[in-house]
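Residues in the sequence shown are numbered consecutively from 153, following the working numbering. Glycine included, C-beta positions come from ideal geometry on N, C-alpha and C. Just so it is clear, the structure is predicted and the values come from calculations on it, not from any experiment.
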Amino acid sequence: MPTADRSVLIVFARAPEPGRVKTRLAPVLGDKGAARLHTLLVERTLRTATLAGFDEVHLCCAPQAGGKFFSAMKKRFGVRLSSQGRGGLGERMQRALRRHPGAVLIGSDCPSLRPADLRAAARALRSGQDAVFCPAEDGGYALIGARRSVSTLFDGVKWGSAKVMAQTRARLRRLGWRWRELRTVWDVDRPEDLVRLRKSRLLAAGSLPAKPRRTSSAGRRRAGP
153 MPTADRSVLI VFARAPEPGR VKTRLAPVLG DKGAARLHTL LVERTLRTAT
203 LAGFDEVHLC CAPQAGGKFF SAMKKRFGVR LSSQGRGGLG ERMQRALRRH
253 PGAVLIGSDC PSLRPADLRA AARALRSGQD AVFCPAEDGG YALIGARRSV
303 STLFDGVKWG SAKVMAQTRA RLRRLGWRWR ELRTVWDVDR PEDLVRLRKS
353 RLLAAGSLPA KPRRTSSAGR RRAGP
């Protein structure tokens, strides 16, 4: 278990399996293109994480920590691997934060997060805040840090909805916690986010997958007689 003198950053990420990641973008990019985008976002997140200067960076993997992709990320970025385990998102986050009290946890969907955001979150916890967040424009949050972990902070939250941050604030008030909210950021989850991502140049030019070609109706082979 890390001591108060060691800063820990946890990155949640899924393996880039086509049809299992970025499914809301698959109608635009195709399953393989959505998986490719997910790979780029994980790489971007790990670059940001390693530049933030934490003592330890843990890549917390789903469904498991094994496999070529996560092994490659460990070798490339020097991160530690662990498994998210079973359960809903709240249960998995609670487990990770309980394992590392005082840690900062981020996902891999928010390329707008900067190393300075991660350092600011760590400073907030060191200053005595019980929790810290980077709210997201869609009503959720892209970063959470906590000096302790309780299930009531996550139980019953409607993950993926526009009410996540509001529900979390209500739970924080009931717990009597002190918390700080940093700047609001945006993530990449919907087709309209792709336009913003391309304009932002947060990913290397030309690296974003293109919309897959569709065969015209005139060029399709008719089935049957």
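Test item: CB-CB of residue i and residue j under 8 Å
{"i": "residue 363", "j": "residue 177", "result": "no"}
{"i": "residue 161", "j": "residue 194", "result": "no"}
{"i": "residue 168", "j": "residue 183", "result": "no"}
{"i": "residue 343", "j": "residue 188", "result": "no"}
{"i": "residue 274", "j": "residue 302", "result": "no"}
{"i": "residue 232", "j": "residue 198", "result": "no"}
{"i": "residue 229", "j": "residue 191", "result": "no"}
Counterpart residues of residue i in DSSP-defined beta bridges
{"i": "residue 297", "result": "256 and 284"}
{"i": "residue 163", "result": "211 and 258"}
{"i": "residue 337", "result": "288"}
{"i": "residue 233", "result": "211"}
Assigned secondary structure, residue i (DSSP; H/G/I helix, E/B strand, else coil)
{"i": "residue 172", "result": "coil"}
{"i": "residue 332", "result": "strand"}
{"i": "residue 324", "result": "helix"}
{"i": "residue 179", "result": "helix"}
{"i": "residue 238", "result": "coil"}
{"i": "residue 221", "result": "helix"}
Nonlocal neighbours in the same chain, by C-beta distance under 8 Å from residue i, ignoring five residues either side
{"i": "residue 269", "result": "286, 295, 334, 335 and 337"}
{"i": "residue 381", "result": "No answer is possible for residue 381: it lies beyond the span of the chain, which begins at 153 and ends at 377."}
{"i": "residue 239", "result": "247"}
{"i": "residue 304", "result": "323, 326 and 327"}
Chain-order list of residues whose beta-carbon lies under 7 Å from that of residue i (same chain, five-residue window excluded)
{"i": "residue 237", "result": "244 and 247"}
{"i": "residue 307", "result": "242"}
{"i": "residue 292", "result": "316 and 317"}
Residues near residue i by beta carbon distance below 6 Å, same chain, minus five either side
{"i": "residue 262", "result": "294, 337 and 339"}
{"i": "residue 372", "result": "Confidence at residue 372 is low in this model, with a pLDDT of 37, below 50, so its placement is unreliable and the value that follows should be read with caution. Nothing listed; no residue qualifies."}
{"i": "residue 367", "result": "Here residue 367 scores only 39 on pLDDT, less than 50, and its place in the model is too uncertain to base an answer on."}
Contact the stretch 320-333 vs the stretch 348-358: 3+ CB pairs below 8 Å: no
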